[in-house]
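2 is the number of the first residue of the sequence shown in the working numbering; add one for each residue after it.
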Amino acid sequence: MSRRQDWLSMFSGERVRLLLRTYRTELLGGIGVVAGSAVLGAALSLLWWFWAPRLELIASPHGALLVDEEPEEFISSDGRFALIVAVAGLVVGFTMWFWRSRRGPVLLVSLALGGLASSLVMWQLGEEVARVNGRDLISEAELGSSVSVPIVQLHATGLLFLQALLAVVTYVVCASWSREPELRPGLSAEPASPRLEPELDKAQPGAMQLQLKNVVKAE
């Protein structure tokens, strides 16, 4: 009977309202995480463009010509993209763990979606900025002169999932090391039971007085 009452108490009206309010708040927080991650991706695209490897070209009437027929700058561009998104994923996942009021599965999914959105924005915006900048540099260069243009291109598209993966893994590792049984503060799996004081503690003062009286009589 007590077990049935425990199950009924878990689905009481007050607890259901608390769960709905909590998940609604978490959902709004998750949307904010995805939107903030997209903004972060825009900032990271500028970092990628600024830190991009430079490729030497020769300005000609028919466009730009490669100085080196097998440049390594394209591989270097992928490597720098990977490094930037890896650091971003670790920092975002670790930072979001300290957002105690939004902990839970909703935030975990938001980290995954936000990491993917950040990488996509960084990829598209970074390549567009570099394309416009490179075209301007080539058009302003004199014919036959050497011009250095930034190479911001992503060939290994699997790296788009790296930030999301590292953010989720970092968050899960922090949760596994947490001493708190419940990730969401204020909610517990079992209803709180009233604290019962043992009757022995209440009887101790009287028992002590009785022992003292017996000792005095014995003396």
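Positions of the beta carbon are idealized from the N, C-alpha and C atoms, including for glycine.
None of the values given here were measured: they were computed from a predicted structure.
Through-space distance from residue j to residue i, alpha-carbon basis
{"i": "Val35", "j": "Gln164", "result": "13 Å"}
{"i": "Arg136", "j": "Pro151", "result": "10 Å"}
{"i": "Leu41", "j": "Phe162", "result": "15 Å"}
{"i": "His156", "j": "Met123", "result": "14 Å"}
{"i": "Gly116", "j": "Ser61", "result": "41 Å"}
{"i": "Thr96", "j": "Ala142", "result": "45 Å"}
{"i": "Ala39", "j": "Leu114", "result": "10 Å"}
{"i": "Gly31", "j": "Leu112", "result": "8 Å"}
{"i": "Val173", "j": "Leu166", "result": "11 Å"}
{"i": "Gln154", "j": "Glu128", "result": "6 Å"}
{"i": "Ala131", "j": "Gly37", "result": "23 Å"}
{"i": "Val133", "j": "Leu29", "result": "36 Å"}
Buried/exposed call for residue i, threshold 16 Cβ in 10 Å
{"i": "Ser179", "result": "exposed"}
{"i": "Arg103", "result": "buried"}
{"i": "Thr171", "result": "buried"}
{"i": "Phe99", "result": "exposed"}
{"i": "Ser78", "result": "buried"}
{"i": "Val148", "result": "buried"}
{"i": "Glu191", "result": "Unreliable placement is indicated for Glu191, whose pLDDT of 45 sits below 50; the coordinate value is still reported in the next sentence. When all chains shown are included, Glu191 counts as exposed."}
Close-in-space but distant-in-sequence residues of the same chain around residue i (CB under 7 Å, 5 per side omitted)
{"i": "Ile85", "result": "Leu45, Leu48 and Trp49"}
{"i": "Trp52", "result": "Arg81"}
Whole-angstrom C-beta distance between residue j and residue i, which should lie under 8 Å
{"i": "Leu58", "j": "Ile139", "result": "7 Å"}
{"i": "Gly94", "j": "Ala168", "result": "4 Å"}
Residues near residue i in its chain [Cβ-Cβ closer than 6 Å; skip 5 each side]
{"i": "Glu74", "result": "Pro54, Leu56 and Ile152"}
{"i": "Ser120", "result": "Val86, Leu161 and Gln164"}
Proximity test, residue i beta-carbon vs the ligand GDP heavy atom, cut-off 7 Å
{"i": "Ala53", "result": "This structure does not include the ligand GDP; it has no bound ligands of any sort."}
Spatial neighbours of residue i in its chain, beta-carbon cut-off 8 Å, leaving aside the 5 residues before and after
{"i": "Ala43", "result": "Val122, Met123 and Leu126"}
Taking 8 Å as the cut-off, does the stretch 23-32 touch the stretch 99-112 (at least 3 CB pairs, one atom from each stretch)?
yes
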